[in-house]
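All you need for the working numbering is the position in the sequence shown, starting with 1, plus 791. Here is the structure we will look at, set down as structure tokens.
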Amino acid sequence: MFFRRIYQFHERIKSNWLWLVLTSYLITALLTLGLHAWRPGEAGVLLDGFLTALAGILTTIVVTTFSFVFVALQLASVQFSPRIIRSFFEYDQFSRFFLWSFLACVAYLMGLQYFGWSDAALIYPKFGIVGSFYLIIMVFPLFIHHIIGNINASSITHNIALRTVREIDELYDALPPLPETETVIRIRSPISGYLDSLRYQKLAQIFPDDRHFRMDVRPHIGSFVIQGGILAEIKCPSEKKSLFKALEKEMSACFVVDKFRSYKQDIPFGIRQLVDIAIKAISPAVNDPTTALNCLDYLGTIIEKAALSETVSKEAKLLAEKNIFIREFSFEQLVDLAFDQIYFWGREDYIVVRHIIKTITNLVPFMPTSDRLLVIAHQVDDLELQYLHTITPDSSTKYAGSFARCEHRNSLRDHLTEFYEAVIKRIEELDAKEERIQKKVAVYKRYLKDLDSSREEARF
792 MFFRRIYQFH ERIKSNWLWL VLTSYLITAL LTLGLHAWRP GEAGVLLDGF LTALAGILTT
852 IVVTTFSFVF VALQLASVQF SPRIIRSFFE YDQFSRFFLW SFLACVAYLM GLQYFGWSDA
912 ALIYPKFGIV GSFYLIIMVF PLFIHHIIGN INASSITHNI ALRTVREIDE LYDALPPLPE
972 TETVIRIRSP ISGYLDSLRY QKLAQIFPDD RHFRMDVRPH IGSFVIQGGI LAEIKCPSEK
1032 KSLFKALEKE MSACFVVDKF RSYKQDIPFG IRQLVDIAIK AISPAVNDPT TALNCLDYLG
1092 TIIEKAALSE TVSKEAKLLA EKNIFIREFS FEQLVDLAFD QIYFWGREDY IVVRHIIKTI
1152 TNLVPFMPTS DRLLVIAHQV DDLELQYLHT ITPDSSTKYA GSFARCEHRN SLRDHLTEFY
1212 EAVIKRIEEL DAKEERIQKK VAVYKRYLKD LDSSREEARF
């Protein structure tokens, strides 16, 4: 919490040039006064060599850093828009502060030597030395972190939207807000961004323990919320509304909204990243299917862990005791998120399709219930490969499409056969007798017969 507050303070001041300069100057001045009181220095001892070395280090840092920055900006401008280079210096106060503060410090250090103020007993060289170390130890790491975040696509879009919204606020008057209902209190987001996490323990602590009150959290963790958008709705009797109005600010602080998503409480975020890597890997520009297969393997690991976990999280159980209900992703939604997009973009590559089937087949023995088994069974059914069950050598040219070679079609048949057999075996192990389960068994047994009879021989 302490480091987060420091980070939030830095985020607030870095957007204002005046606050950046004043804060940095104040910190440097206080440290210099402390150093001068502790070690006044010996008269007659010149610090020219030390000041020259610091000036060289600062110059090297500026030149090297901005060389890498301009290369990164060039790549980003090709990927996004060439106009982001202009906005990098025009609107980014912290980048301008970094450049000019380093150059000013170098000029100050050189000026001390030129005017003969480098005596160790004077306070002026100490101010330059402390300022140099402040820039190297504090400002430089923060700038690297700042650049990494600002070149990110989410940060670029966030900054563009923020500047546009600010311009709308300056040009137009806002309309009057809509009236609130008497029995519903709405907690709204103070900013636009992603619902990063929920401080559920604090929320459960401050929410009144009364069954007449109910809170429904509207967005999923990781969802994007618009400024003023509804985070939660509290239903309560009208005579108790004043109680929640007093707690509204505290409850609003329990919802952490940030410009980036994070892994905290956000399971789909990890899946989303692996899917993005896989999609880019199988794109014609990259053409790296091995990376896509590696992503599918680890997506299988995530889905296996989700299948063996309860549907309701620990946080949701704790909040439900206080009549607070949050939205969570279902197992079916996680499976769809993991495989749908990869199949859509890789459906013309039989290696990718085959590996999707193989990954899902490996998950079958881990399915603890027939419901979750049906979820992954439907995932394979949705690949719409049923034409491979009945295709014949005479009609194969009609279905050439993505899998023009009979070798590829036969390989897919083999993997589909393994999947159908694994599902039937798992249903028998679970001793599932429901009608829908038995219908699925009958369908898959028919598919197995069709696959066996439709296997093609290579023609020479």
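Virtual Cβ for every residue (Gly too), placed ideally from N, Cα, C. Nothing here was measured: the structure is a model prediction, and the numbers come from that model.
How long is the line joining the alpha carbons of Leu926 and Phe893, rounded to whole angstroms? For the purposes of this step, residue 926 is taken as residue 135 along the sequence shown, with counting starting at 1. For the purposes of this step, residue 893 is taken as residue 102 along the sequence shown, with counting starting at 1. Near 7 Å, if we compare the C-alpha coordinates of Phe893 and Leu926.
Using C-beta distances below 6 Å, list every residue in its chain close to Glu1106, excluding the 5 sequence neighbours before and after it, in chain order. Along the sequence shown, read from residue 1 onward, the residue named residue 1106 stands at position 315. Excluding residues within five positions, the ones whose Cβ falls inside 6 Å are Tyr991.
Considering just the uninterrupted stretch of the alpha helix (DSSP H) at Arg1145, what are its terminal residues? Within the sequence shown, the letter at position 354 stands for residue 1145. Tyr1141 to Leu1154 is the span of the alpha helix (DSSP H), which, as asked, contains Arg1145.
Terminal residues of the beta strand (DSSP E) in which Tyr882 lies: For this step, residue 882 is matched to residue 91 along the sequence shown. No beta strand (DSSP E) holds Tyr882; DSSP gives it neither H nor E.
Do Gly984 and Asp1049 come within 7 Å of each other at the CB atom, strictly closer than that value? Here residue 1049 corresponds to residue number 258 of the sequence shown, with the count starting at 1. Here residue 984 corresponds to residue number 193 of the sequence shown, with the count starting at 1. Between Asp1049 and Gly984, the CB-CB gap stays under 7 Å.
Please classify Tyr1134: does DSSP put it in a helix, a strand, or coil? By one-based count along the sequence shown, residue 1134 stands at place 343. Here Tyr1134 sits in helix by DSSP.
From Thr1188 to Leu1179, what distance separates their C-alpha atoms? Working through the sequence shown from its first residue, we reach residue 1188 at position 397. Working through the sequence shown from its first residue, we reach residue 1179 at position 388. Caution is warranted here: a pLDDT of 46 is assigned to Thr1188, below 50, making its placement in the model unreliable, and the coordinate value is therefore given only provisionally. Going by the C-alpha atoms only, they are around 12 Å apart.
Taking the alpha-carbon positions, what's the Ala1249 to Ala1076 distance? The residue you call residue 1249 lines up with position 458 of the sequence shown. The residue you call residue 1076 lines up with position 285 of the sequence shown. Note that Ala1249 has pLDDT 47, beneath the 50 cutoff, so the model's placement of it is unreliable and the number below is only indicative. Spanning the two alpha carbons is a distance of roughly 33 Å.
Cβ of Ile1022 within 7 Å of Cβ of Ile1058? Counted from its first residue, the sequence shown places residue 1022 at position 231. Counted from its first residue, the sequence shown places residue 1058 at position 267. Reading off the sequence shown, one finds Leu at residue 1022, where the question assumed Ile. With respect to the 7 Å criterion, Leu1022 and Ile1058 are not classified as neighbours on the basis of their beta carbons.
How should Tyr1211 be labelled, buried or exposed, when 16 other C-beta atoms within 10 angstroms of its C-beta is the threshold for buried? As a working mapping, residue 1211 is identified with position 420 in the sequence shown. Buried: at least 16 other Cβ atoms inside 10 Å.
In whole angstroms, what separates the C-alpha of Arg830 from that of Ile1062? Residue 830 sits at position 39 when you count from the first residue of the sequence shown. Residue 1062 sits at position 271 when you count from the first residue of the sequence shown. Across the structure, Arg830 and Ile1062 are spaced so that their CA atoms are roughly 56 Å apart.
If you follow the beta strand (DSSP E) that Tyr985 is part of, which residue opens it and which one closes it? Residue mapping note: residue 985 aligns to position 194 of the sequence shown, counting from 1. Counting along the chain, the beta strand (DSSP E) containing Tyr985 begins and ends at Gly984 to Leu989.
If we call anything under 7 Å between Cβ atoms a contact, is Ala995 one with Leu826? Residue mapping note: residue 995 aligns to position 204 of the sequence shown, counting from 1. Residue mapping note: residue 826 aligns to position 35 of the sequence shown, counting from 1. No, these two residues do not count as a Cβ contact at 7 Å.
Beta-carbon contacts of Phe1015 that lie in its chain and below 6 Å, excluding the five residues immediately before and after: To locate residue 1015, count along the sequence shown from 1; it is residue 224. The residues are Tyr985.
Using 8 Å as the threshold, is the stretch 1064 to 1072 in touch with the stretch 1130 to 1138, meaning 3 or more CB pairs across them? Contact annotation: the stretch 1064 to 1072 touches the stretch 1130 to 1138, with at least three C-beta pairs closer than 8 Å.
Is there contact here, the stretch 832 to 845 with the stretch 906 to 920, by at least three beta-carbon pairs under 8 Å? In short, these stretches touch, since the Cβ pair count reaches three.
Shortest alpha-carbon distance to Phe888 belongs to which of Asn950, Phe934, Leu903 and Ile1147? Here residue 888 corresponds to residue number 97 of the sequence shown, with the count starting at 1. Measuring from the Cα of Phe888, the nearest candidate turns out to be Phe934.
So Ala1023 is in the beta strand (DSSP E); what residue range does that whole segment cover? In the sequence shown, residue 1023 corresponds to position 232, counting from 1. For Ala1023, the enclosing beta strand (DSSP E) starts and ends at Ile1021 to Lys1026.
Just to confirm the assignment, what range does the alpha helix (DSSP H) spanning Phe1060 have? Here residue 1060 refers to the residue found at position 269 when the sequence shown is read from its first residue. Taken as a continuous stretch (DSSP letters only), the alpha helix (DSSP H) holding Phe1060 covers Ile1058 to Ala1072.
Test item: CB-CB of Lys1149 and His1206 under 7 Å: What you label residue 1149 is simply residue 358 of the sequence shown in a count that begins at 1. What you label residue 1206 is simply residue 415 of the sequence shown in a count that begins at 1. The Cβ atoms of Lys1149 and His1206 lie closer than 7 Å to each other.
Where are the beta strand (DSSP E) runs, 3 residues long or more, that stay fully inside the stretch 915 to 988, in chain order? For the stretch 915 to 988, whole beta strand (DSSP E) runs of length 3 or above, ordered along the chain, are 975 to 979.
Going by DSSP, which residues form a beta bridge with Arg1005? For the purposes of this step, residue 1005 is taken as residue 214 along the sequence shown, with counting starting at 1. Lys1026, per the DSSP bridge assignment.
Assign His1169 to buried or exposed, taking buried as 16 or more other Cβ atoms, counted over all protein chains shown, within 10 Å of its Cβ. As a working note, residue 1169 is residue 378 in the sequence shown. By the Cβ neighbour-count rule, His1169 is exposed, with fewer than 16 other Cβ atoms within 10 Å of its own.
For Phe1051, write down the residues that DSSP places opposite it in a beta bridge. If you number the sequence shown from 1, residue 1051 lands on position 260. Bridge pairing for Phe1051: absent [DSSP].
State yes or no: is the beta carbon of Thr1181 nearer than 7 Å to at least one beta carbon in chain D? Of the protein chains in this structure there is only one, and it is not chain D.
Looking at C-beta atoms only, is the number of pairs between the stretch 1215 to 1224 and the stretch 1158 to 1169 that lie closer than 8 Å three or more? Short answer: they touch.
Within 10 angstroms of its Cβ, does Thr823 collect 16 or more other Cβ (buried), or is it exposed? Position 32 of the sequence shown holds residue 823. So Thr823 ends up on the buried side.
May I ask you to report which of helix, strand or coil DSSP gives Leu784? Given a span of 792 to 1251 for the chain in the structure shown, any question on residue 784 remains unanswerable.
Inter-residue CB distance, Ile1167 and Val1234 (contact presumed, cutoff 8 Å): Here the question's residue 1167 lines up with position 376 in the sequence shown. Here the question's residue 1234 lines up with position 443 in the sequence shown. About 15 Å; that fails the 8 Å criterion.
In whole angstroms, give me the CA-to-CA distance for Tyr1190 and Glu1123. If you number the sequence shown from 1, residue 1190 lands on position 399. If you number the sequence shown from 1, residue 1123 lands on position 332. Only weak support is given to the placement of Tyr1190: the predicted model assigns it a pLDDT of 49, under 50, and the value that follows is read from those uncertain coordinates. Tyr1190 and Glu1123: Cα-Cα distance of roughly 30 Å.
For His1199, the first and last residue of its enclosing alpha helix (DSSP H): In the sequence shown, counting from the first residue as 1, residue 1199 sits at position 408. DSSP places His1199 in the uninterrupted alpha helix (DSSP H) bounded by Cys1197 to Leu1221.
Please classify Tyr1238 as buried or exposed, where buried requires at least 16 neighbouring CB atoms within 10 angstroms. Counting from 1 along the sequence shown, the entry for residue 1238 is found at position 447. So Tyr1238 ends up on the buried side.
Coil, strand or helix - Ser1104 by DSSP: Start at 1 with the first residue of the sequence shown, and residue 1104 comes out as number 313. In the three-state scheme derived from DSSP, where H, G and I count as helix and E and B as strand, Ser1104 is classed as coil.
Does the pairing of the stretch 998 to 1015 with the stretch 953 to 961 give three or more beta-carbon distances under 8 Å? Taking 8 Å as the limit for Cβ pairs, the verdict is that the stretch 953 to 961 does not touch the stretch 998 to 1015.
Can you have a look at Gly1137 and say buried or exposed, based on whether 16 or more other CB atoms are within 10 angstroms of its CB? Here residue 1137 is taken as the residue at index 346 of the sequence shown, counted from 1. Counting the other Cβ atoms within 10 Å of the Cβ of Gly1137 gives 16 or more, which makes it buried.
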